[in-house]
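Step one of this worksheet: look at the structure below.
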Amino acid sequence: MINRKSRDEIKKMIHAGHIVALVHEKMKEVLEPGISTKELDNYAMKVIKENRAIPTFLGYNGFPASICTSINEQVVHGIPSENAIVKEGDIIAIDVGATYGGMVGDSAWSYEVGKVSPEVHKLMETTKESLFAGIEQMKPGNTLDDISKAIEAVANREGYGIVRQYGGHGVGHVMHEDPFLYNYSVGDKTLIKSGYAIAIEPMLNLGGDDVFVGADEWLVSTVDGKPSAHFEHTVIATDDGPIITTKL
Ligand code: MG
Ligand code: MG
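Next up, the structure:
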C-alpha cells in the first residue's frame, strides 16, 4: 500500500532532506586521502544531532552507524570503520538518512577522492545522469516503469551493469515503505500519484550486474571486483513537478 504524503508531511520531509543535504556538504568538505570512514561517520552524526534530527540508519535492523560508506567495488551498506581509509583515486558512496518530525530523508552520493581514472569518472557521471533521468519521470500519471526504464536506458547506453537485488523505495514515515522501485524495467504499471515519495537510487557497475553480501552480512560488493557508483535522492511527486527533498 503506497501512502500519499500530506502538505504537512511534505514540509517535514523537506526539512529532513535538508539536513541530509547538510551532511553531504560536510562530507565533501572533509573527504580527503587518509581519512577513515569512521571519522566520516562521526562528522555525519554531529551534523544530524546539531540539527535536532535522528540518524535514521543507526540501529536500523541493527546497523551500527549513521551512514553507509562503500568504497570502489563495494556497492552499498558498508559499515564505517577506523580501518577503512580512503586513498587518492578511490570512489566512495556515502549513504545518509535523517529523521525529523517523524519523517525521513534518504540520499546517497558517490564522491571521487582526488583524481580517479577517466573510465571511473564516466561511471560516476553516468550514474548521476541516470538518477536525474529517473527523477524527471517522477510525476503524476506516469508509472513506476517509466522511472525504471529511464534509468535502465542511460545504463545500457554505456554498457554498465545494473545492480538487480537492490533498488529504490517508498520513503517517509519510515525509511523503507512501498513501493519497491527497480532500476531496470519489469513492466510495473503502478501509477504515480501526487504525494508519493520515493527514494530513487540507481547503482551502476563498471562491470557486470552481479553482487554478493559479505561476511558481516551488510557489505554488498561486485562479484567481478569492478567499481560501482550509487546516487540517490528522496523525491516527492506533485502536480507542479517533482520535489527533491535531499538537496540544498
Ligand atoms: Mg540511502
Ligand atoms: Mg534508499
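Per this note's numbering, the very first residue in the sequence shown carries number 19; after that it's consecutive. Note that the Cβ used here is the ideal one computed from N, Cα and C, for glycine as well. Keep in mind the model is a prediction, meaning the values are calculated, not measured.
If you drop the 5 nearest sequence neighbours on each side, which residues of the same chain put their C-beta closer than 7 Å to that of residue i?
i: Met142; result: Ile109, Ser128, Glu130, Ala247
i: Gly225; result: Gly179, Thr240, Asp242, Lys244
i: Ala83; result: Asp59, Phe75, Leu76, Ile97, Pro98
i: Thr208; result: Thr161, Leu162, Pro197
i: Lys167; result: Ser203
If we call anything under 8 Å between Cβ atoms a contact, is residue i one with residue j?
i: Ile66; j: Ala116; result: yes
i: Ser239; j: Val93; result: yes
i: Leu162; j: Pro197; result: yes
i: Val114; j: Val38; result: yes
i: Ile165; j: Ile89; result: no
i: Ser125; j: His42; result: yes
i: Met121; j: His36; result: no
i: Ile112; j: Thr144; result: no
i: Leu49; j: Val104; result: yes
Express the C-alpha separation of residue j and residue i in angstroms, rounding to a whole number.
i: Ser99; j: Pro73; result: 17 Å
i: Lys29; j: Asp258; result: 15 Å
i: Gly159; j: Thr256; result: 11 Å
i: Ala233; j: Glu57; result: 23 Å
i: Ala171; j: Gly107; result: 28 Å
i: Gly132; j: Met19; result: 44 Å
i: Phe150; j: Leu237; result: 26 Å
i: Lys140; j: Tyr184; result: 22 Å
Give every residue of the same chain whose Cβ lies closer than 8 Å to the Cβ of residue i, excluding the five residues on either side of it in the sequence, and list them in chain order.
i: Val253; result: Ile153, Met156, Ala215, Ile216, Ala217, Ile218, Pro260, Ile261, Ile262, Thr263
I want to see whether chain C comes within less than 8 Å of residue i, judged by CB atoms only; does it?
i: Leu58; result: The structure shown contains no chain C; it is built from a single protein chain.
Using C-beta distances below 6 Å, list every residue in its chain close to residue i, excluding the 5 sequence neighbours before and after it, in chain order.
i: Ile32; result: Thr263
i: Glu176; result: Thr144
i: Asp206; result: Leu162, Asp163
Just jot down, in chain order, the residues whose CB lies closer than 6 Å to any heavy atom of ligand 2.
Every residue whose beta carbon comes nearer than 6 Å to a heavy atom of ligand 2 appears here in chain order: Asp124, His187, Ala217, Glu219, Glu250.
Which complete alpha helix (DSSP H) runs does the segment 116 to 158 hold, if anything under 4 residues is left out?
With a minimum length of 4 residues, the continuous alpha helix (DSSP H) runs that stay inside the segment 116 to 158 are 136 to 154.
Please give me, in chain order, every unbroken run of the beta strand (DSSP E) with length at least 3 that falls completely inside the segment 190 to 231.
195 to 199, 215 to 218, 221 to 223, 229 to 231
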